[in-house]
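As given, the protein sequences belong to chains B and Y, one line each in that order. Basically this note's numbering = 1-based index in the first sequence + 5. Basically this note's numbering = 1-based index in the second sequence + 5. Idealized CB from N, CA, C, for every residue including glycine.
There are 2 protein chains.
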Amino acid sequence: MTAPVADDHIIALAGGVGGAKLADGLAHLLGDRLTVIVNTGDDFEHLGFHISPDLDTVTYTLGGVANSQQGWGLEGETWGFMEQLARLGGPAWFKLGDRDLATHAYRTNRLREGATLTEVTVELGAALGVTSRLLPMSDDPVRTVIHSGGRSIAFQEYFVRLACGVPVDRIEFAGAAAARLNPAIGALPRPAAVIICPSNPYLSIDPILAVPGARSWLKGLGVPIIVVSPIVGGAAIKGPAAKIMQELKAPVSALGVAAHYRGLADGIVIDNCDEALAAEIAALGMAVRVESTVMRSKADRIELAGACLAFARALLQTPAFDHPPASTK
Amino acid sequence: MTAPVADDHIIALAGGVGGAKLADGLAHLLGDRLTVIVNTGDDFEHLGFHISPDLDTVTYTLGGVANSQQGWGLEGETWGFMEQLARLGGPAWFKLGDRDLATHAYRTNRLREGATLTEVTVELGAALGVTSRLLPMSDDPVRTVIHSGGRSIAFQEYFVRLACGVPVDRIEFAGAAAARLNPAIGALPRPAAVIICPSNPYLSIDPILAVPGARSWLKGLGVPIIVVSPIVGGAAIKGPAAKIMQELKAPVSALGVAAHYRGLADGIVIDNCDEALAAEIAALGMAVRVESTVMRSKADRIELAGACLAFARALLQTPAFDHPPASTK
Chain B
6 MTAPVADDHI IALAGGVGGA KLADGLAHLL GDRLTVIVNT GDDFEHLGFH
56 ISPDLDTVTY TLGGVANSQQ GWGLEGETWG FMEQLARLGG PAWFKLGDRD
106 LATHAYRTNR LREGATLTEV TVELGAALGV TSRLLPMSDD PVRTVIHSGG
156 RSIAFQEYFV RLACGVPVDR IEFAGAAAAR LNPAIGALPR PAAVIICPSN
206 PYLSIDPILA VPGARSWLKG LGVPIIVVSP IVGGAAIKGP AAKIMQELKA
256 PVSALGVAAH YRGLADGIVI DNCDEALAAE IAALGMAVRV ESTVMRSKAD
306 RIELAGACLA FARALLQTPA FDHPPASTK
Chain Y
6 MTAPVADDHI IALAGGVGGA KLADGLAHLL GDRLTVIVNT GDDFEHLGFH
56 ISPDLDTVTY TLGGVANSQQ GWGLEGETWG FMEQLARLGG PAWFKLGDRD
106 LATHAYRTNR LREGATLTEV TVELGAALGV TSRLLPMSDD PVRTVIHSGG
156 RSIAFQEYFV RLACGVPVDR IEFAGAAAAR LNPAIGALPR PAAVIICPSN
206 PYLSIDPILA VPGARSWLKG LGVPIIVVSP IVGGAAIKGP AAKIMQELKA
256 PVSALGVAAH YRGLADGIVI DNCDEALAAE IAALGMAVRV ESTVMRSKAD
306 RIELAGACLA FARALLQTPA FDHPPASTK
């Protein structure tokens, strides 16, 4: 370990809504000292647009313009485009708000001009006032594919059109083997910790880890890797995580999440209501911290983010890492 | 002339707003007995969309959903997309309403699926309740290019971004020589007349006539070809027609319009205020009809359309055509 730990830099891994909330709390505390590596396995082409749902959710959330009622898209959204497209008989299954559409048009136009997804992500973040650094996991296409009963289903088909209504036999990250980890990730300063946000482990975090070199880069940082369980009381706060875990025969619990990240995460943050699982998780060799993890308000996000940072600092001073105490600031 | 004249069928040629108004009057009188051949020289690619401004204007106008205040686009339009695109720093010079965008997305998506522009035009017309047949002049790309002071300027750059603010030395219809006249045009029943709507002769009608075979097909129909002058009292009702005529050293008058169509049009409809020019135009060998040609209301459109049909019927019975009187419908 030659590079010094940059005490003031944190790397987070995130997918969609749940992950974006914690990333928002971290961004509030850290600003430009935070880098969020975002899943692009959900990306797809629709009506000629390159749509990056998780990048958009994180960007909108950190930009303070996310639609909090709806759980996705932009606040103050209008729907003239969708209404008219439906009238014309166009494909209306994927809802595109008028303002949201500007993001997709901007991105698609810039990509066509030759910009990388990373460059476009920086531009969109800057335009929406995001001060943290957001990085797609790769500039190359990785596409999550759901295998169900012999069928291969593109992710948004599964997630939106089928509303996750088919059983998952297997999840594939098409293109991952050939994808290059975002070069900007390798160029990041060595952080004080890595925080895996409470995103779907199978659909949001695994695609990031599937990019060749991602896992070894994370482990090679030699800093605490902390995961926040997206499963609380045996259920997912949002989305199909619990359903998928059941279908893949994983225990639907914080214990199942811990087992999923065994060998990668050094510590896990579980919810108060799952405290009874702490001993069993600890037996997997993972440090456990019990917190209130359900984020209903901005204050909740900031509080959980602070708890994650404190947990990371504490782990950094254990013999496994044996770093000196973090300097002031 | 072997094919019988289909008394109940009229073909109109049209470009944008002015032409669309007369086409709307004709459509009111004729319904599915009208075919409108529409200029696609203004078409362009923008933000990945295939945009066909004249097809859209004619479709919206005949569908009764055109924005009458604005003079282009759809009624009840909203602007969330443009506002957000401007916020993101995207190209905002070409205004795209949220609902209008659905037309472009639908068309682009269908073209990408392999549909022809003709097929898409039919689908969009049907969705918006248009009963007349609308046909792009060609399914192949023809692009109007403005030559000004040694520069070549794409049409929408000239028309929208530069607001026609540079002098026109020459107008080119790039791609026209290789374009194939829409095959659906050759398959039309022989009409009772052709009506060239009061669109810009240089920018809206000439591109249609530039498609190989268009002019000879029109003349070969052997039916009256009538043009309605878009120049009234020495000025254009809308758009740069007068300015361009001046720059191209053509007399800015109904006489100039008549001279432009000499050898093609058999008759011209001029406005009451230009009655003094009637004799001079007649001397060009063109029949002249004087009408109120400024269309402020739907009733004006229908009245002018009716006058054009009456003029055509009258010409059809002159020795030049020598057809029997039109049968009762």
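- With 16 or more other Cβ atoms inside 10 Å of its own Cβ, glutamate 82/B counts as buried.
- Here proline 206/B is buried. Its C-beta has 16 or more other C-beta atoms within 10 Å.
- Residue range 22-35 is occupied by the alpha helix (DSSP H) that includes aspartate 29/Y.
- Rounded to whole angstroms, the Cβ separation of histidine 14/B and alanine 197/B is 6 Å, and the two are in contact under 8 Å.
- When 8 Å is used as the limit between beta carbons, arginine 220/Y is near no residue of chain B, the shortest such separation being about 34 Å.
- Nearest CB-CB separation between glutamine 251/B and chain Y: not below the 8 Å threshold.
- Of all C-beta pairs linking the region 183-203 of chain B to the region 304-323 of chain B, three or more are shorter than 8 Å, placing the two stretches in contact.
- Contact between glycine 24/B and proline 188/B is absent: CB atoms are separated by about 23 Å, not below the 8 Å threshold.
- Glutamate 128/B and glycine 20/B have their alpha carbons spaced roughly 19 Å apart.
- In the structure shown, glycine 272/B adopts extended strand secondary structure according to DSSP, grouped into three states.
- DSSP places valine 63/Y inside the alpha helix (DSSP H), whose first and last residues are 58-67.
- Residue state for proline 196/Y is assigned as strand, using DSSP reduced to three classes.
- Close partners of tyrosine 65/Y in chain B (Cβ separation under 8 Å) are lacking, with about 11 Å as the shortest Cβ gap.
- In the DSSP assignment, valine 232/Y forms a beta bridge with Ile201/Y and Ile273/Y.
- The bridge partners DSSP lists for glutamate 50/Y are His55/Y.
- A contact between stretches requires three or more CB pairs, one per stretch, nearer than 8 Å, and the region 270-286 of chain B meets this requirement with the region 294-308 of chain B.
- Classified as buried, glycine 53/B has 16 or more neighbouring CB atoms from the shown chains inside 10 Å of its CB.
- Your pair isoleucine 210/Y and alanine 270/Y does not check out as a contact, with CB atoms roughly 10 Å apart and the cut at 8 Å.
- Taking a 10 Å sphere around the C-beta of aspartate 37/Y, we find fewer than 16 other C-beta atoms and assign the residue as exposed.
- Between the alpha carbons of glycine 191/Y and alanine 325/Y lies a gap of roughly 23 Å.
- Around the CB of glutamine 161/Y, 16 or more other CB atoms lie within 10 Å, so the residue is classed as buried.
- Chain B places no beta carbon closer than 8 Å to that of aspartate 61/Y, leaving this residue out of the contacts.
- If one requires a minimum length of 3 residues, the beta strand (DSSP E) runs lying completely within the region 290-327 of chain Y are 292-296, in chain order.
- Taking C-beta atoms as the reference points, tyrosine 111/B and leucine 90/Y count as a pair closer than 8 Å.
- Secondary-structure assignment with DSSP links leucine 129/Y through no beta bridge to anything.
- Chain Y has no Cβ within less than 8 Å of the Cβ of aspartate 48/B.
- By the criterion of a C-beta distance shorter than 7 Å, phenylalanine 99/Y is surrounded in its chain by His51, Gln161 and Val165, once the five residues flanking it on both sides are discounted.
- Residues of chain B whose Cβ lies closer than 7 Å to the Cβ of glutamine 89/Y are, in chain order, Arg104 and Ala107.
- At a Cβ-Cβ threshold of 8 Å, isoleucine 286/B and leucine 260/B count as neighbours.
- The secondary-structure analysis by DSSP pairs leucine 18/Y across a beta bridge with Ile42/Y and Ile201/Y.
- Counting the other CB atoms within 10 Å of its CB gives lysine 26/Y a total of 16 or more, which places it among the buried residues.
- Of the candidates Ala107/Y, Leu93/Y, Gly119/Y and Thr121/Y, the residue whose Cα lies closest to the Cα of glycine 130/B is Leu93/Y.
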